[in-house]
Amino acid sequence: MLPSSHSVSLFPFSAVVGQDQLKLALILTAISPRIGGVVVRGEKGTAKTTTVRAFSRMLPDPKAKVVNLPLGATEDRVVGSIDVERVLTTGHAEYQPGLLSEANGGVLYVDEINLLADHLVDIILDAAATGHISIERDAVSHTEDTDFVLVGTMNPEEGELRPQLLDRFGLAVDVSASRDTKSRTEVMRRRLAFDENPEEFLEQWADAERDIATRIVAAKERVTEVELTDVVLGRIASICASFDVDGMRADLVIARAAAAHAAWEGRTTIKDSDIKVAAELALPHRRRDPFDSPDISDDELDEALDRARDEVPDEPDDDTAPDTADDSDGDVDTNDVDDTSDDVDSDETPDPSAEQPTPQQNKPDADNDDNRGPAPQEGGRAAQGAPFRR
Numbered sequence: 001m002l003p004s005s006h007s008v009s010l011f012p013f014s015a016v017v018g019q020d021q022l023k024l025a026l027i028l029t030a031i032s033p034r035i036g037g038v039v040v041r042g043e044k045g046t047a048k049t050t051t052v053r054a055f056s057r058m059l060p061d062p063k064a065k066v067v068n069l070p071l072g073a074t075e076d077r078v079v080g081s082i083d084v085e086r087v088l089t090t091g092h093a094e095y096q097p098g099l100l101s102e103a104n105g106g107v108l109y110v111d112e113i114n115l116l117a118d119h120l121v122d123i124i125l126d127a128a129a130t131g132h133i134s135i136e137r138d139a140v141s142h143t144e145d146t147d148f149v150l151v152g153t154m155n156p157e158e159g160e161l162r163p164q165l166l167d168r169f170g171l172a173v174d175v176s177a178s179r180d181t182k183s184r185t186e187v188m189r190r191r192l193a194f195d196e197n198p199e200e201f202l203e204q205w206a207d208a209e210r211d212i213a214t215r216i217v218a219a220k221e222r223v224t225e226v227e228l229t230d231v232v233l234g235r236i237a238s239i240c241a242s243f244d245v246d247g248m249r250a251d252l253v254i255a256r257a258a259a260a261h262a263a264w265e266g267r268t269t270i271k272d273s274d275i276k277v278a279a280e281l282a283l284p285h286r287r288r289d290p291f292d293s294p295d296i297s298d299d300e301l302d303e304a305l306d307r308a309r310d311e312v313p314d315e316p317d318d319d320t321a322p323d324t325a326d327d328s329d330g331d332v333d334t335n336d337v338d339d340t341s342d343d344v345d346s347d348e349t350p351d352p353s354a355e356q357p358t359p360q361q362n363k364p365d366a367d368n369d370d371n372r373g374p375a376p377q378e379g380g381r382a383a384q385g386a387p388f389r390r
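Once you know that position 119 of the sequence shown is 119 in full-length UniProt numbering, the rest is easy, because the numbers rise by one and skip nothing.
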């Protein structure tokens with residue numbers, strides 16, 4: 001249910017025109033905070049801040065808010081501090097919460113994060129990825145749990161983040177102003193209507209806002225049930241290897257983001273489409289060559305997915321007979337299924353109207369289920385029609 005405590009000064013999240021990738025990245029990170037945050041790169045005036053602030057309405061916590069982290073913040077202001085004098089007098093450590101704790105349940109927003117001190121960026125990214133912060137002062141330590149959506153925005157014209165820091169952001173989105181006349185017209189129409197009468201405008205979009213908020217709550221509960229199978233993990237690894245990314249962070253982020261996307265779509269199983277969506281958001285800022293395009297084309301990603309399917313084929317369907325060989329397309333031969341559905345020991349001649357078997361399949365005893373072993377797990381796909389023996 002849409003929280004009523006939010007100020008009507010916030011533009012509706014669902015009313016933002018375009019910026020679909022940014023909105024999806026925020027949603028996935030809210031579903032699975034361990035994705036590690038979102039960095040938004042783009043020119044001024046592209047609704048970066050408007051979208052992030054509006055997103056706080058979508059979060060489950062009715063007290064969720066956007067906490068701004070100023071560029072001049074000190075480490076104590078960010079992580080909090082411990083009152084050492086109180087420890088000496090009472091023997092108990094008193095923790096003074098910082099901005100990271102204030103952002104719990106909401107959004108930690110860092111505008112122009114590329115201009116923030118590197119050691120503070122490290123601290124923030126650690127808290128977002130691990131879900132806790134540790135403070136040590138004069139031999140006194142304290143650990144505090146954190147749960148927030150990290151969003152950093154930057155204008156590349158003002159300087160880039162170091163690659164080591166950029167890589168630690170789970171997802172990255174590049175935004176730009178639309179060059180389409182109709183889209184720009186709609187942006188003006190909605191903004192002017194909101195400025196004229198915010199309450200009436202919010203009422204018009206209340207159902208859409210409520211639907212998104214409800215879906216996020218359901219997806220957060222469902223994501224723990226999403227299964228990351230060996231096939232899914234293998235294909236993710238293959239795609240990351242295809243794009244020659246450094247380290248394993250991209251693989252882990254794609255796995256978490258794909259699971260979050262499946263949950264967002266109402267499923268507990270991951271499809272290739274989930275992997276593709278996650279890769280589109282997790283790979284571009286991790287490409288090794290700095291001269292590579294910041295975007296990954298659909299063709300590049302489709303080719304990588306095709307190679308991944310070849311390298312890591314689907315597992316046999318549990319509903320089919322256990323002893324069947326896969327054809328060259330990874331599908332179970334329909335002739336074999338028909339044979340096993342009758343008598344396993346039958347030597348009857350196949351229906352002449354059915355597709356004729358290959359010469360290899362006509363070899364004596366080649367397609368008897370008793371003599372066929374399961375498809376090998378290593379060494380690539382089986383040659384078409386080639387039987388395997390136990």
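Each residue gets a CB set at the ideal place from its N, CA and C atoms; glycine is no exception.
As the structure is a prediction and not an experimental result, all values here were calculated from the model.
Residue i - DSSP class collapsed to helix/strand/coil
{"i": "Val107", "result": "strand"}
{"i": "Ile135", "result": "strand"}
{"i": "Ala172", "result": "strand"}
{"i": "Thr50", "result": "helix"}
{"i": "Met248", "result": "coil"}
{"i": "Glu43", "result": "coil"}
{"i": "Pro33", "result": "helix"}
{"i": "Asn335", "result": "Here the model assigns Asn335 a pLDDT of 46, short of 50, so the residue's position is not dependable and the matter cannot be decided."}
{"i": "Thr90", "result": "helix"}
{"i": "Pro364", "result": "Low local confidence applies: a pLDDT of 46 at Pro364 is under 50, so the model's placement there is unreliable, and no value is given."}
{"i": "Glu144", "result": "strand"}
{"i": "Ser242", "result": "helix"}
{"i": "Gly330", "result": "Caution applies to Gly330, whose pLDDT of 44 falls short of 50 and renders its modelled position unreliable; the value that the coordinates give is listed next. Note: Gly330 maps to coil in three-state DSSP."}
{"i": "Pro12", "result": "coil"}
{"i": "Gln96", "result": "strand"}
{"i": "Asn68", "result": "strand"}
{"i": "Ser297", "result": "coil"}
{"i": "Ile275", "result": "helix"}
{"i": "Ile254", "result": "helix"}
{"i": "Ile124", "result": "helix"}
{"i": "Leu150", "result": "strand"}
{"i": "Thr130", "result": "helix"}
{"i": "Ile82", "result": "strand"}
{"i": "Asp20", "result": "helix"}
Buried or exposed (CB count within 10 angstroms, at least 16 for buried), residue i
{"i": "Thr269", "result": "exposed"}
{"i": "Ala206", "result": "exposed"}
{"i": "His261", "result": "buried"}
{"i": "Glu280", "result": "buried"}
{"i": "residue 391", "result": "Nothing in the structure corresponds to residue 391, since the chain is present only between 1 and 390."}
{"i": "Arg390", "result": "Residue confidence is low: Arg390 scores 40 on pLDDT, short of 50, so the model does not pin down where it sits. Its coordinate-derived value is still stated next. By the 10 Å Cβ count, Arg390 comes out exposed."}
{"i": "Thr181", "result": "exposed"}
{"i": "Glu85", "result": "exposed"}
{"i": "Pro313", "result": "buried"}
{"i": "Glu315", "result": "exposed"}
{"i": "Thr46", "result": "buried"}
{"i": "His119", "result": "exposed"}
{"i": "Ser183", "result": "exposed"}
{"i": "Asp286", "result": "The displayed chain sequence assigns Arg, not Asp, to residue 286. The residue is buried, with at least 16 neighbouring Cβ atoms inside 10 Å."}
{"i": "Gln19", "result": "buried"}
{"i": "Asp209", "result": "Reading the sequence as shown, one finds Glu at residue 209 and not Asp. Answer is buried; the Cβ neighbour count reaches 16."}
{"i": "Ser328", "result": "With a pLDDT of 45 at Ser328, under the threshold of 50, the modelled position of that residue is not reliable, and no figure is offered here."}
{"i": "Lys44", "result": "exposed"}
{"i": "Ser273", "result": "exposed"}
Rounded distance between the beta-carbons of residue j and residue i, thought under 8 Å
{"i": "Val78", "j": "Gly98", "result": "5 Å"}
{"i": "Val38", "j": "Val173", "result": "6 Å"}
{"i": "Arg162", "j": "Leu125", "result": "Going by Cβ atoms, the distance from Arg162 to Leu125 rounds to 12 Å, so no, they are not a contact pair."}
{"i": "Ala278", "j": "Ala258", "result": "4 Å"}
{"i": "Ser242", "j": "Ala304", "result": "4 Å"}
{"i": "Pro284", "j": "Ile296", "result": "5 Å"}
Contact check, residue i vs residue j, beta carbons under 7 Å
{"i": "Val151", "j": "Val107", "result": "yes"}
{"i": "Ile82", "j": "His132", "result": "no"}
{"i": "Gly42", "j": "Ser178", "result": "no"}
{"i": "Ala308", "j": "Arg235", "result": "yes"}
{"i": "Ala282", "j": "Ile239", "result": "no"}
{"i": "residue 395", "j": "Gly72", "result": "In the structure as shown, the chain starts at 1 and stops at 390, and residue 395 therefore has no counterpart that could be examined."}
{"i": "Asp147", "j": "Asn104", "result": "yes"}
{"i": "Thr50", "j": "Asp111", "result": "no"}
{"i": "Val187", "j": "Val17", "result": "yes"}
{"i": "Ser217", "j": "Ala30", "result": "Reading off the sequence shown, one finds Val at residue 217, where the question assumed Ser. Not closer than 7 Å, so no."}
{"i": "Thr57", "j": "Arg256", "result": "The residue you asked about is not Thr; residue 57 is Arg in the sequence shown. In this structure, Arg256 does not lie closer than 7 Å to Arg57 by Cβ."}
{"i": "Ile135", "j": "Gly80", "result": "yes"}
{"i": "Pro165", "j": "Val121", "result": "Before going further, note that residue 165 is Leu rather than Pro in the sequence given. Yes. Within cutoff."}
{"i": "Ala15", "j": "Arg137", "result": "no"}
{"i": "Asp251", "j": "Ala237", "result": "yes"}
Practice item. Jot down the residue ranges of each uninterrupted alpha helix (DSSP H) in the stretch 161 to 239, minimum 4 residues, whole runs only, in chain order. Key: 163 to 166, 181 to 196, 198 to 204, 206 to 222
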